[in-house]
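Read the structure below first, then the notes.
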Amino acid sequence: MEGKLFLKQYLIWVMILLLGQLHGYKSCILKERNALLDLKKFLISTTEEGQSEPVLPTWTNDTTSECCQWERVKCNSTSGRVLELSIRGLNLKESSLLNFSLLHPFEEVQSVDLSESKFGGFFDGAEGYKSLSRLRNLEILDLSSNKFNISVFPFLNAATSLTTLLLQGNNMNSPFPAKELSALVKLKFLDLSGNGFSGSMELQGKDLQTEASTRARYQSKQSCFFSLDSLANLSMLKVFGVNSRSNLFQVVSEGSWKPKFQLNAIALRSCNLVKVPLFLLHQKDLRHVDLSDNNISGQFPSWLLANNTKLDVLLLQNNYLTSFQLPRSAHNLLFLDLSIKVLTFVLVLSCGRVICPEDAEISVSRWFSFTGYKSLGRLRNLEILDLSYNEFNSSIFPFLSAATSLKTLFLGFNRMDGPFLCCLFLELKDLINLQLLDLSQTNLNGSIPIQELSVLRKLEALDLSDNEFYGSLESQGKTNHILSYSIKTGEKGFYTGVSGGAILKYTPEKGFVRFAQITESSNSLLCYALQEPISSKMCGRPAGIAFNEITGDLYVADALLGLHVVSPAGGLAVKIADGVDGKAFESLNGLDVDPTTGIVYFTSLSSQFSA
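For the sequence shown, the residue numbers in mature numbering (1 follows the signal peptide of the UniProt record, and there is no 0) are -24 to -1, 1 to 587.
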């Protein structure tokens, strides 16, 4: 009898434990609960006077309140230990100092987000610079968009378990103290952009031997350089980017060295490069390459495309290239920007046959066989093609018609001199996926054969501005809603949300420029390196955008990060809500703003909301 009773009790305990596992048992430990309340008390003491909203209202002394369910806290589902902690975006006093000892009780924490809170430094009366060494499991530390200076680096050097360190947007305006990070041997991603670091910088292999990505932006009043040769021993490097705001900064590569790494993404924008770095000859796994706004001249090396068949994005705008050859075999390129600084440009499509757009008298048929016209068809995944600011004439259309995967085509600021081509839209009838066509400022005139638009069944936006047309232009039927696309009353151009979490503004004068972003990481190299859904969770995915015509604010429905708003000046979006009645939104998409009341309507899966 006693044996049966024991067995029943044993089975009951097993069932309780199993139910706890199945339902995500999350009872936080008392030590960490008290530590969270101590942290809240400290943050309240450093909050700006006149703060209207309560600080961390769910962090309460109520003993029935489960701290693992508190906002900004994520726990291990079985142990109840805090794994992730965020105090991002609090309205603290300018340059507040954080007492690092308040974080010591969270012994298993893996991610700490201190961004956008006006912190100016750290202190720890007992541990000093060694304070972060107590957090042995800390992997991700976000210190972006604060008021830190280089005094934080000795503290950071003690966090030897770090794999990701985000320091962008602190405006340190000083030489970069590279040696202060020498102990971070596990570091995989380092973002130093927006800090105004000056002087020269060389990464020592012995210091950051396993670094996987680096992103930096330079602003200096003195001549300075970055040597690509110093990357040679970073065997785990996957993503690398440098962006300069100074004409005195230059990226150089002095030797024909063979790197120990294989990059996924590289951005060397505005670095005064005069040629494509030769070490890229050894790269076989590139997905994103940005060499824009440099001084690269001559023929672009064909081996970069040939060696990297997974390349999605290639940005070469604002260089001095005179020739570019598309690959002879099928390629997965999705985005190619060839907007250049010179008037004479040769686009090589196949087998040495060329198009010479500067010579309007030469017939294309004299240079291309029929198979030549199909050359763009080899880029079977090409969705966006920007050929604006060149000297192309109407002879380009037979070649464009082969790019049947195109969704967006920019031809603005070219020379299609003369009457609007009677069969222009018919020439492009094979572009069955085309959604946006820009023919602005192309010297076209006369009447527009709008009836031909019906062949472009998916066309959603047509820009014919700054030409000399006459007659009426009426829409032929109802067009579908354009996902993440909006026009602001009284402005030329349009706004669009793109993968990577950025909101771009397009005008005929400037083309695409960054207007806003969902997160600090939006559209950074990290967004191209990470896989879904991690990329969208960190960078954002603006699935719907719409303007409030009353206030000028732009509302953004991000698929995974909730409802945001951007001021008329642009910049970083502010989150309004990520759930309702305690339930998180799922897959936000449709978004509209009532032009008379300003009420915002949006859709989450099968549910519709208004705000």
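All C-beta atoms, glycine included, are put in the ideal place defined by N, C-alpha and C.
Asked, Found
"Residues bridged to residue 540 [DSSP beta-bridge criterion]", "532 and 551"
"Residue 121 versus 103, 94 and 139, residue with shortest Cα-Cα distance", "94"
"Touching by the beta-carbon criterion (3+ pairs, under 8 Å), the segment 513 to 523 and the segment 473 to 481", "yes"
"Cβ distance (whole Å) where residue 669 is taken to contact residue 254 below 8 Å", "The requested residue 669 does not occur in the structure, where the chain is confined to residues -24 to 587."
"Residues near residue 78 in its chain [Cβ-Cβ closer than 8 Å; skip 5 each side]", "11, 14, 15 and 18"
"Distance CB(residue 531)-CB(residue 556) smaller than 9 Å", "no"
"Proximity winner among 135, 101, 100 and 294, relative to residue 112 (alpha-carbon distances)", "135"
"Where residue 405 falls: helix, strand or coil (DSSP)", "coil"
"Residue 278 beta carbon less than 9 Å from that of residue 295", "no"
"Given residue 35 as reference, the closest of 52, 523, 443 and 61 once Cα atoms are compared", "61"
"Which of helix, strand or coil DSSP assigns to residue 30", "coil"
"Beta-bridge pairing of residue 258 - partner residues as DSSP gives them", "Answer is none; residue 258 lacks a bridge partner."
"6 Å Cβ shell around residue 73 - same chain, five flanking residues per side excluded", "97 and 99"
"Per DSSP, cross-strand counterpart(s) of residue 116", "87 and 140"
"Whole beta strand (DSSP E) elements within the segment 31 to 56, 3-residue minimum", "49 to 51"
"Local conformation of residue 326 per DSSP, three classes", "Only weak support is given to the placement of residue 326: the predicted model assigns it a pLDDT of 38, under 50, and the value that follows is read from those uncertain coordinates. Residue 326 falls in the strand class under three-state DSSP."
"Residue 241: first and last residue of the uninterrupted alpha helix (DSSP H) it sits in", "Per DSSP, residue 241 belongs to no alpha helix (DSSP H); it is in the beta strand (DSSP E), 241 to 245."
"Nearest candidate by alpha-carbon position, reference residue 357, set 44, 124 and 289", "289"
"The alpha helix (DSSP H) enclosing residue 594, as first and last residue numbers", "In the structure as shown, the chain starts at -24 and stops at 587, and residue 594 therefore has no counterpart that could be examined."
"Test item: CB-CB of residue 119 and residue 141 under 9 Å", "yes"
"Residue nearest to residue 106 in terms of C-alpha spacing, selected from 76, 126 and 29", "76"
"Length of the line joining the Cα atoms of residue 260 and residue 216", "15 Å"
"Same chain only: Cβ atoms within 7 Å of residue 550, ignoring 5 sequence neighbours per side", "540 and 541"
"Bridge partner(s) assigned by DSSP for residue 80", "BP columns for residue 80 are empty, so no partner."
"Contact belief for residue 207 with residue 235 at Cβ below 8 Å, rounded distance in angstroms", "7 Å"
"N-terminal and C-terminal residue of the beta strand (DSSP E) that residue 481 is part of", "478 to 483"
"Rounded C-alpha distance that separates residue 370 from residue 226", "39 Å"
"Under the three-state DSSP convention, the category residue 100 falls into", "coil"
"Same chain, Cβ closer than 7 Å to residue 127, five either side skipped, listed in chain order", "97"
"Collapsed DSSP secondary structure at residue 356 in the structure displayed", "coil"
"Own chain, CB closer than 7 Å to residue 292, minus 5 neighbours either side, in chain order", "267, 268, 276, 313 and 314"
"Burial state of residue 572, where buried means 16 or more other Cβ atoms lie within 10 Å", "exposed"
"Beta-bridge partners of residue 518, as assigned by DSSP", "534"
"Residue 522 classed as buried or exposed, judged by whether at least 16 other C-beta atoms fall within 10 angstroms", "buried"
"Backbone secondary structure at residue 60 - three-state DSSP", "strand"
"Bridge partners - residue 438, DSSP secondary structure assignment", "413"
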